[in-house]
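Just below is one structure, and these are the notes that go with it.
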Amino acid sequence: AAGVIQSPRHLIKEKRETATLKCYPIPRHDTVYWYQQGPGQDPQFLISFYEKMQSDKGSIPDRFSAQQFSDYHSELNMSSLELGDSALYFCASSSTEPATNEKLFFGSGTQLSVL
Amino acid sequence: DAKTTQPTSMDCAEGRAANLPCNHSTISGNEYVYWYRQIHSQGPQYIIHGLKNNETNEMASLIITEDRKSSTLILPHATLRDTAVYYCIVPLGLGAQKLVFGQGTRLTINP
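Same order as they appear, the protein sequences are chains Y and X. For the first sequence, this note's numbering begins at 794 and goes up steadily by one. For the second sequence, this note's numbering begins at 8 and goes up steadily by one.
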């Protein structure tokens, strides 16, 4: 079965550079979530989208932005990168609108290293 | 999200049942209990969820107490591949969608 696809798998950037992470949800999934997991930490919710509209927002820095496109894939744009942005970034998708009880499927993540 | 409390770590022998407890004393009547696990640096994986009845699937069983203030995830025959961090999550309100990960239980399966 198709899973959530994230690209790239690994990304190395310098401080103050920009990065774009991509997420392709499972086919027919219309909701996408982004999580950030720092070294030794638990995943932290960043932002979510349902039907191309932002549905919830967590601890996402102002330097980050995200959107969901008409084909339901999502991109997380990160500017003015800082050393502390080094983390695993996970995308998850689900097949029903928010505020319903449905499980999330996670991708393998993008490992971002800021040097 | 309703607060959950889990042991920081647990050990279990391979082939034995692993029983992972979770306290969620502030849970409200329409909130589900979800379990996910994360094997080292992989994306979290859904295991099971329930409201008030016990649930079983191909991965695990979920036992929820009658007052719903605690639950236990049971892996009936643990294998080395079950070594992971296990998260018990009670999302706020009707939606399971935005999962807030707290401190989970680091389960180590020993040969």
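Just so it is clear, CB atoms sit at the ideal spot from N, CA and C, and this is done for glycine as well. Here the structure is a predicted model, which means the values were calculated and not measured.
Helix or strand or just coil, what does DSSP make of residue i?
i	result
residue 115(X)	strand
residue 57(X)	strand
residue 88(X)	helix
residue 861(Y)	strand
residue 812(Y)	strand
residue 819(Y)	coil
residue 795(Y)	coil
residue 31(X)	coil
residue 107(X)	coil
residue 41(X)	strand
residue 840(Y)	strand
residue 74(X)	coil
residue 64(X)	coil
residue 24(X)	coil
residue 866(Y)	coil
residue 49(X)	coil
residue 18(X)	strand
residue 13(X)	coil
residue 852(Y)	coil
If you check the beta carbons only, do residue i and residue j fall under 9 Å apart?
i	j	result
residue 898(Y)	residue 880(Y)	no
residue 44(X)	residue 111(X)	yes
residue 813(Y)	residue 874(Y)	no
residue 759(Y)	residue 863(Y)	This structure does not reach residue 759(Y), given that chain Y is present from 794 up to 908, and the question cannot be answered.
residue 70(X)	residue 24(X)	no
residue 842(Y)	residue 830(Y)	no
residue 834(Y)	residue 817(Y)	no
residue 58(X)	residue 40(X)	yes
residue 106(X)	residue 882(Y)	no
residue 836(Y)	residue 51(X)	yes
residue 29(X)	residue 12(X)	yes
residue 797(Y)	residue 900(Y)	yes
residue 867(Y)	residue 815(Y)	yes
residue 97(X)	residue 10(X)	yes
residue 61(X)	residue 68(X)	yes
residue 896(Y)	residue 94(X)	no
residue 17(X)	residue 88(X)	no
Residue i and residue j look like a contact to me (Cβ under 8 Å); what is the Cβ gap, rounded to whole Å?
i	j	result
residue 857(Y)	residue 846(Y)	About 17 Å separates the two Cβ atoms, so there is no contact after all.
residue 78(X)	residue 86(X)	The Cβ separation is near 22 Å, so there is no contact.
residue 903(Y)	residue 802(Y)	6 Å
residue 905(Y)	residue 806(Y)	7 Å
residue 819(Y)	residue 839(Y)	About 19 Å separates the two Cβ atoms, so there is no contact after all.
residue 76(X)	residue 46(X)	Not a contact, Cβ separation roughly 29 Å.
residue 55(X)	residue 90(X)	Residue 55(X) to residue 90(X), Cβ: 18 Å. No contact.
residue 83(X)	residue 21(X)	13 Å between Cβ atoms; not a contact.
Starting from the beta carbon of residue i, find every residue of chain B whose beta carbon is closer than 7 Å, and list them in chain order.
i	result
residue 93(X)	No chain B appears in this structure, whose protein chains are Y and X.
Item checked: Interface positions of the stretch 833-866 of chain Y facing chain X (Cβ-Cβ less than 7 Å), listed along the chain -> Listed in chain order, the positions of the stretch 833-866 of chain Y with a beta carbon within less than 7 Å of a beta carbon of chain X are 835, 836, 838, 841 and 849.
Notebook entry, point to check: In the stretch 868-904 of chain Y, which residue ranges form an unbroken alpha helix (DSSP H) of at least 4 residues, counting only runs that do not cross its ends?
Noted result: As summarised for the stretch 868-904 of chain Y, there are no continuous alpha helix (DSSP H) elements at least 4 residues long confined to that stretch.
Next item on the list: Pull out every residue of the stretch 106-117 of chain X whose Cβ sits closer than 8 Å to any Cβ of chain Y, in chain order.
Entry: The stretch 106-117 of chain X vs chain Y, Cβ under 8 Å: 106, 107, 108, 109, 110 and 111.
Margin query: Please identify, using Cβ separations under 9 Å, the residues of the stretch 25-50 of chain X that lie next to chain Y, in order along the chain.
Written below: Of all residues in the stretch 25-50 of chain X, only 39, 41, 43, 45, 48, 49 and 50 come within less than 9 Å of chain Y when Cβ atoms are compared, listed by chain position.
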